[in-house]
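K.L.:
Take this structure first; my questions come after.
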Amino acid sequence: MKIKEALHTGFKSLGFDQEVNECLFLCEEKNEVDDLDLKFNIETARKFDADAVFFRKELEHFKPQIYIYDFTGKLFTETEIQLTEIHKKVWSSGNVPLVCVFYDTEIKILNCTTPIKNDKPEYLQTIELVNTAEGLYDKQFAIRIKTGTFWEEEENKKKFSFSKSSYEILIKWIKELKKSLFVQFQTRENERVINKIIIQSILIKYLEEKRDHKGKNPFPKKYFSSSNKINTYTDILQNGNLLVDLLEKLHKDLNGNLFDWTIEEKGILKTINLEPLADALKGYKNPNNPKQLVIELEYIRYYEFNFVPVELISRLYEEFLAGQDDQKTQKQKKQKEGIYYTPSHLAKMLVDEAMPLKKDLKNFEISTYKVLDPSCGSGIFLVLAFKRLVQWWKIQQWEKTKDFTIKPDLEDLKNLLRCVYGVDKEEQATKLSTFSLCLALCDELSPMQIISDLRFDDLTQTNILYSDFFIDELETPIDVKNKTEYNKQAQNFSKIKALSFDLVIGNPPFKRSGNKKDTKKYWQWDINGKTIAIPSKQIALKFLVKSIVSLKENGTQCLILKSSGFLYNSTSDFFKREFLSNYNVNKILDFTALARNSSLWENGADVDTLAVFTQKIQPKYDINILHITFRRTKAIKDRILFEIDDYDKHYINRFDAINNQYIWKNNLLGGGRINVIVDKLTKLTKLNKFLEDNRIIPFEGEGGAKSIPNNAFEFNKIDESLLPNGYFQSFKNTLVEKFNPPILLIKENLELPISCSTNRTIPFNNEVVGFQVPDNGILMQMVFYLETFKKYLKFYLITTSGKTLVYKNTAIKMEDILNFPFDGEIKNYLNSIDEKIIDDVVSFNQFFLRNGENSKTVKQIEKNDFKNILCNYGKEFSTVLNEVYEQDNNKFRLSEVLELENLPYTITVFRYDDLNEDPNFNIKIEDLDIKNLTINEISSSLTITRIVKIYEENTIIFIKPNQYRYWLSSIAYRDADKCFIDLIKAGY
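Residue numbers 578 to 1565, in our numbering, belong to the letters of the sequence shown in order.
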């Protein structure tokens, strides 16, 4: 691949020259690229006039990180306006966080996670090529990007924020716009009309701004008159009569009932002042309108709607769901119904996994492939599924002709659109899904095709159907009004029930304790002659077992569920065992660690979730289930990509998956040998058994009363000076006999605050478990045990509780306390390796789950810790391998440790020999005399993962980021166990 000299010089300064055809691909060489992920992403980059793209791996897919522009031969002063336009387009799309622009003498790096400022790009860095680059923007820049360490550097953590992304700003904008308009028009009918015109305005704005490859679009000329200074859609919005005329014309020309308005609605539309909507779409503040949006409007004019992804607009439409209630009522309803809107980056990743580009498409008839979303909302999964079907179609044409430019015609696209189906019990949702899919269809057509050939089908009659997905399980209503509605939904659902699907995918509501009326068996699942209760009446689990029936044999189901409700709560154990025993679950993507701090979900939602991938076939017991535990890192939280490393992948044999209730939580805390320790402790006598033997009845305190703070718990009393104001008054009755001493109190908190009282009555609420123990000897025995072995009890809580670190950070249940191992010999069952793992879980791993990117676990190892941490890692790693391989004084030892220059990476070298020397921390890489250990080789290896393992003769080398989490004792054991398997396979 020939790269001109001036560009090559720039590439060398950032290390890009080493990444050509590895992570960096020139767009003009698209036809030479074999990987389909790369092909489609490069094709997309060309729409932004990029000359090259830099990628990073996300699971098994490539995700673009940088668009690269070759401006060599041009002057910066003459092209800054062009850079501004590039920035606007890339920011609007959200495709990549960075843009690199190469000039003859300098490189401009643009931060595209934030909009332009003062009509200029947001410059992250300028690199003068006459000087040697230093800091983060040197020859190691490429390695930092492809391994993700760039985003974890302290100086970068505040430079990139999702809060100013096009996605987040657009969501805020639509919320504020609705609020601004609804203040003026209080009636329910006006509100409904306003909702409708906003929804349609987004589609019209998209059609207005869409351009072909020559920058042309006949849509404005056809629909916007040039007379009376009417040139744009926002001009028309300010004239009710012209607006109604436009909508009638669009309804006639485009069909599909997308622009269907009743006479009454048109009348209202003519009377409403839509100037605020026009101003909002233009993005310019009106000084005469004090109620106008403030924050979002300064950004909205920077949008290029032609480049906003269709799936983002689909997500935007979800803001109009949950009925026609006022904003406060809508929010309350969404929370009550357990509705959590699917972020577009999550939906895209799940579709990538469920409908991979690398699917074998030979002799495959795409038009027969059917996709169903049983709770489709505004259709984000259906939009992405349709886009993937179009890509499959293009791949088939490319395999036949080797021409990647062939595009499907309108009839081909409509056939593919007929492959996607959705059901929703809100009629508004089906209309929004239809809008989203029609937008997706337009996205595949040229502007000329849209105005000349396009006629929308009414998908609400055939594919996107208004119905309760469980309508066939409900009894027919008696009253006429509800009976008519029931019959309408039942007729629609019959169209779905008659079909079988290749893929069921979606994000059903997470509502619990449903109160469906007139249903006898609604909360039951019947399979193979068994009747199984739906745990806690979780509607999402009912979707799970009902929708899988709609699959073809060997079809795939991918549903988002609450992780506590499916994997972690003890109440779901029986249901989970039966599901895993009857269907082939092959993969679980676990997002539990992303539940809080707006790490995944929007609107401040805190919800623990996972995605279950299941085939409708009998379980394959010879193939393990892949359990991937995502961690809260900077890259994930700011939606740069879903990053994982080898330590986040856990393979579970089906016997353990079905029978070991704690295996999933063990993986969440780090996996490896944690399960062995938990198994040891689980076999010990439980506290509950000890209580039964001594006739002690545990109980929780009074609900609704105030709580005792943790620091008020002392050994022999509660420090009443630390109780909150009004503490005693918050109880209905403080003289209840059960509060009387002698009593032991344990707070339902991970820190296990404990207190025993023998002479003072203190009431407590239901966050505290009380044990009335008349026998002082038994009381002291319990207190001594709980205090002496608290570390082990905390470990057991962390690794087994279905509540703490799942949907609460530190809260636990009474059942967790009663489940404690209670054996005075507990320490004797544990060896030194067990002790080290327990220390890691209690001191590091739990805080990684709780604090994510702000935890010490992901920090770079401090200088004064470095030697101790690495020596300990080396000792523990060697100890495990030497249990098998130590022979004739030859054994594994940590030989050398060095940090890579200008990179946050550490290299450890283990040698198998008979020497007994301390590790050398003062050595350079060139002095190691290991042929595969050069910067170039390391860079190449880091293309796939941020962790490198190299085997040389009698030598094992690890190259990993210089963060605490990669060099803990528990990780040393995981590394050693994997090396042991590798060595056995190699014949050692």
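Backbone N, C-alpha and C define an ideal beta-carbon position, used for all residues, glycine too.
Is the CB-CB distance between residue 1207 and residue 636 below 8 Å?
P.N.:
Their beta carbons are not under 8 Å apart, which means residue 1207 does not touch residue 636 by this criterion.
K.L.:
For residue 1322, report the span of its beta strand (DSSP E) as first-last.
P.N.:
Counting along the chain, the beta strand (DSSP E) containing residue 1322 begins and ends at 1320-1324.
K.L.:
Between residue 1278 and the rest of its own chain, which residues show a CB-CB distance below 6 Å, the 5 nearest in sequence each way excluded?
P.N.:
Counting only Cβ-Cβ distances below 6 Å, and skipping sequence neighbours, we find 1341, 1342, 1343 and 1345.
K.L.:
So for residue 817, helix, strand or coil by DSSP?
P.N.:
Helix.
K.L.:
For the alpha helix (DSSP H) that residue 1362 lies in, which residues bound it at each end?
P.N.:
Start and end: 1353-1365.
K.L.:
Going by C-alpha distance, which of 1436, 950 and 1323 is nearest residue 1290?
P.N.:
Selected option, being the one with the closest Cα: 1323.
K.L.:
Under 8 Å: do the region 1288-1308 and the region 1393-1407 share three or more Cβ pairs, one atom per stretch?
P.N.:
Not touching, per the Cβ criterion.
K.L.:
With distances taken Cα to Cα, identify the nearest neighbour of residue 1385 among 1172, 1332 and 1556.
P.N.:
Of the candidates 1172, 1332 and 1556, the one whose C-alpha sits nearest the C-alpha of residue 1385 is 1172.
K.L.:
Relative to the alpha-carbon of residue 1308, which residue among 1317, 1196, 1280 and 1145 has its alpha-carbon at the smallest distance?
P.N.:
That would be 1280, whose Cα lies nearest to the Cα of residue 1308.
K.L.:
Starting from residue 1350, trace the alpha helix (DSSP H) in both directions and tell me its first and last residue.
P.N.:
Neither: residue 1350 is in no alpha helix (DSSP H) and is coded neither H nor E.
K.L.:
Where do the N-terminal and C-terminal ends of the beta strand (DSSP E) with residue 1272 fall, by residue?
P.N.:
Unbroken run through residue 1272: none, as it is neither H nor E.
K.L.:
Which full runs of the beta strand (DSSP E) of 3+ residues lie inside the region 1071-1130, going along the chain?
P.N.:
Runs of the beta strand (DSSP E) inside the region 1071-1130: 1078-1083, 1101-1104 and 1107-1110.
K.L.:
Between which two residues does the beta strand (DSSP E) holding residue 1510 run?
P.N.:
Neither: residue 1510 is in no beta strand (DSSP E) and is coded neither H nor E.
K.L.:
Within 8 Å, do at least three Cβ pairs link the region 1484-1496 to the region 1444-1453?
P.N.:
Output reads yes: the region 1484-1496 touches the region 1444-1453.
K.L.:
Nearest to residue 951 by alpha carbon, out of 1002, 1483, 995 and 814?
P.N.:
Selected option, being the one with the closest Cα: 1002.
K.L.:
How should residue 688 be labelled, buried or exposed, when 16 other C-beta atoms within 10 angstroms of its C-beta is the threshold for buried?
P.N.:
Answer is buried; the Cβ neighbour count reaches 16.
K.L.:
For residue 871, which of helix, strand or coil comes out of DSSP?
P.N.:
With a pLDDT of only 47 at residue 871, under 50, the local geometry of the prediction cannot be trusted, and the value read off the model is given with reservation. Residue state, collapsed to three classes: coil.
K.L.:
Applying the criterion that 16 or more other CB atoms from any shown protein chain within 10 Å of the CB defines a buried residue, is residue 590 buried or exposed?
P.N.:
Residue 590 comes out buried.
K.L.:
Opposite residue 1470 in the DSSP bridges: which residues?
P.N.:
The partner list for residue 1470 (beta bridge, DSSP) reads 1488.
K.L.:
What separation, rounded to the nearest whole angstrom, lies between the Cα atoms of residue 1183 and residue 1349?
P.N.:
Cα to Cα, the separation comes out at about 36 Å.
K.L.:
Below 8 Å on the Cβ atoms is my contact criterion, and I expect residue 1395 with residue 1264 to pass it. Report the Cβ-Cβ distance as a whole number of Å.
P.N.:
So it is a contact: roughly 6 Å between Cβ atoms.
K.L.:
Expressed to the nearest angstrom, what Euclidean distance is found between the alpha-carbon atoms of residue 1056 and residue 993?
P.N.:
Near 40 Å, if we compare the C-alpha coordinates of residue 993 and residue 1056.
K.L.:
Taking the beta carbon of residue 1381 as the centre, do at least 16 other beta carbons fall within 10 Å, making it buried, or is it exposed?
P.N.:
It counts as buried.
K.L.:
Going by C-alpha distance, which of 1420, 1442, 1365 and 1328 is nearest residue 1388?
P.N.:
Of the listed residues, the one whose Cα sits closest to residue 1388 is 1328.
K.L.:
Grab me the residues of residue 1356's own chain with a C-beta within less than 7 Å of its C-beta, minus the 5 sequence neighbours each way, in chain order.
P.N.:
Cβ neighbours of residue 1356 beyond the five flanking positions: 1319, 1321, 1333 and 1350.
K.L.:
Whole angstroms is fine: what's the gap from residue 1436's alpha carbon to residue 597's?
P.N.:
Roughly 31 Å between the two C-alpha positions.
K.L.:
Whole angstroms is fine: what's the gap from residue 1499's alpha carbon to residue 964's?
P.N.:
Cα-Cα distance, rounded: 54 Å.
K.L.:
Flag this pair as yes or no: are the beta carbons of residue 758 and residue 736 separated by less than 8 Å?
P.N.:
The answer is no: Cβ separation not under 8 Å.
K.L.:
Just to confirm the assignment: which complete beta strand (DSSP E) runs, minimum length 3, are found wholly within the region 695-720?
P.N.:
Taking only runs of at least 3 residues, the beta strand (DSSP E) segments lying wholly in the region 695-720 are 700-705.
K.L.:
Grouping DSSP H, G and I as helix and E and B as strand, with all else coil, what is residue 902?
P.N.:
With a pLDDT of only 46 at residue 902, under the threshold of 50, the placement of this residue in the model should not be trusted, and no figure is reported.
K.L.:
Whose CA, out of 1166, 1175 and 1209, lies closest to the CA of residue 1203?
P.N.:
Out of 1166, 1175 and 1209, 1166 has the C-alpha closest to the C-alpha of residue 1203.
K.L.:
Helix, strand or coil for residue 1212 per DSSP?
P.N.:
It is helical.
K.L.:
Name the two residues that bound the continuous alpha helix (DSSP H) containing residue 1409.
P.N.:
Where residue 1409 is concerned, the enclosing alpha helix (DSSP H) stretches over 1409-1417.
K.L.:
When you compare the CB positions of residue 918 and residue 942, do they come within less than 8 Å of one another, or not?
P.N.:
No.
K.L.:
Going by C-alpha to C-alpha distance, which of 1470, 740, 1085 and 713 sits closest to residue 727?
P.N.:
Nearest C-alpha to residue 727: 713.
K.L.:
Answer yes or no: do residue 1438 and residue 1540 have a C-beta to C-beta separation smaller than 8 Å?
P.N.:
Yes, the pair counts as a contact, with Cβ atoms nearer than the cut-off.
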